[in-house]
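Engineer: Could you have a look at this structure, given as structure tokens, before my questions?
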Amino acid sequence: MGFTRNMDTITKAAAFIQQVYTDGGNILVLTGAGISTESGIPDFRSPGTGLWERMNPMEVLSLPVLEAHPQQFYKTGFRLLMEMRSAEPNQAHLILAKMEEEGYIQGIITQNIDNLHHKAGSKQVWEVHGNTRDANCIRCGRVFPIEELESCLAEGTIPPRCKKCGGIIRPSVVLFGDPMPRVYQEAMTAVKKAELLIIVGSSLSVYPVAYLPELAKQCIIINLTPTEFDVRAKLVIHEKASTALLGIYEMIKNS
Numbered sequence: 001m002g003f004t005r006n007m008d009t010i011t012k013a014a015a016f017i018q019q020v021y022t023d024g025g026n027i028l029v030l031t032g033a034g035i036s037t038e039s040g041i042p043d044f045r046s047p048g049t050g051l052w053e054r055m056n057p058m059e060v061l062s063l064p065v066l067e068a069h070p071q072q073f074y075k076t077g078f079r080l081l082m083e084m085r086s087a088e089p090n091q092a093h094l095i096l097a098k099m100e101e102e103g104y105i106q107g108i109i110t111q112n113i114d115n116l117h118h119k120a121g122s123k124q125v126w127e128v129h130g131n132t133r134d135a136n137c138i139r140c141g142r143v144f145p146i147e148e149l150e151s152c153l154a155e156g157t158i159p160p161r162c163k164k165c166g167g168i169i170r171p172s173v174v175l176f177g178d179p180m181p182r183v184y185q186e187a188m189t190a191v192k193k194a195e196l197l198i199i200v201g202s203s204l205s206v207y208p209v210a211y212l213p214e215l216a217k218q219c220i221i222i223n224l225t226p227t228e229f230d231v232r233a234k235l236v237i238h239e240k241a242s243t244a245l246l247g248i249y250e251m252i253k254n255s
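First residue of the sequence shown: 1, per full-length UniProt numbering; consecutive thereafter.
So this is what it looks like as structure tokens:
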């Protein structure tokens, strides 16, 4: 790994993770939009570059818009969601998949809907904001590949309708105004049982996911910019996700 100003903190993080692993403690990772920016997906809130700098999320990706103005939702919001599907995992995603495979971490909780942890090969992933692989009927609950929804739209059917019950079909993502899915409760339970939560690329400003660190026994934060939780973390690394995770992984393997 090349030189980084955070080498000392990365070294400490690697040693601490190694100790928790050696002691048999569960280690989980919480990821946010910052882990995917190196895959070409902009985050939501960064000044000047965030997606919400260009559009109002309540006007394109909210439940009220889907229900009252489906044409607007599928023309703008849905198109934005689908743009993410062409992205590929970056080094940070791949390292986390390898760390899970080798037993250093037990799973990933992600705020992201870009499917990149799955593409990278991670097995235990709690997608607390949903994903862009699936769609579901809001009436009967039927779940099917997102491609079926795209086919309906290509035929000019807006809003797309379930062939089984006639209900509206929507992407399986958590929109503004939606309740959190059951998987969020599962993630909360997992965090409570873990010895360490490693937070990667999250500003910890989106609730209720931002409550998860409060449930953790100990936290390490990897994020380019400060978060409100920094003062309570065991260690804080202000660095790109790939740089920090590569350094941590290499040090663990070489220890």
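Glycine residues also receive a C-beta, built at the ideal position from the N, C-alpha and C atoms. Note that this is a predicted model, so its numbers are computed, not measured.
Taking only heavy atoms of the ligand HEM into account, decide whether any of them is closer than 6 angstroms to the Cβ of K164.
Structural biologist: As for the ligand HEM, it is missing from this structure, which has no ligand bound.
Engineer: Ends of the beta strand (DSSP E) at D134?
Structural biologist: G130 to C137
Engineer: With distances taken between CB atoms, is the gap from A97 to G130 smaller than 7 angstroms?
Structural biologist: No. Outside cutoff.
Engineer: E127: buried (16+ other C-beta within 10 angstroms of its C-beta) or exposed?
Structural biologist: With 16 or more Cβ atoms within 10 Å of its Cβ, E127 is classed as buried.
Engineer: Pick helix, strand or coil for T110, following the three-state DSSP scheme.
Structural biologist: Shown here, T110 sits in a strand according to DSSP, grouped into three states.
Engineer: Opposite V125 in the DSSP bridges: which residues?
Structural biologist: I108
Engineer: Rounded to whole angstroms, what is the Cα-Cα separation between F3 and I35?
Structural biologist: Below a pLDDT of 50, predicted positions are generally treated as unreliable, and F3, at 47, falls in that range; the measurement from the model is reported next regardless. Roughly 20 angstroms separates the two Cα atoms.
Engineer: First and last residue of the alpha helix (DSSP H) that includes R79?
Structural biologist: F78 to E83
Engineer: Is it true that the CB of K193 sits closer than 7 angstroms to the CB of Q218?
Structural biologist: no
Engineer: According to DSSP, L28 sits in a beta bridge with which residue or residues?
Structural biologist: DSSP lists G107 and L197 as partners of L28.
Engineer: Tell me the residue span of the alpha helix (DSSP H) that contains S86.
Structural biologist: Premise fails: S86 is in no alpha helix (DSSP H) and is neither H nor E.
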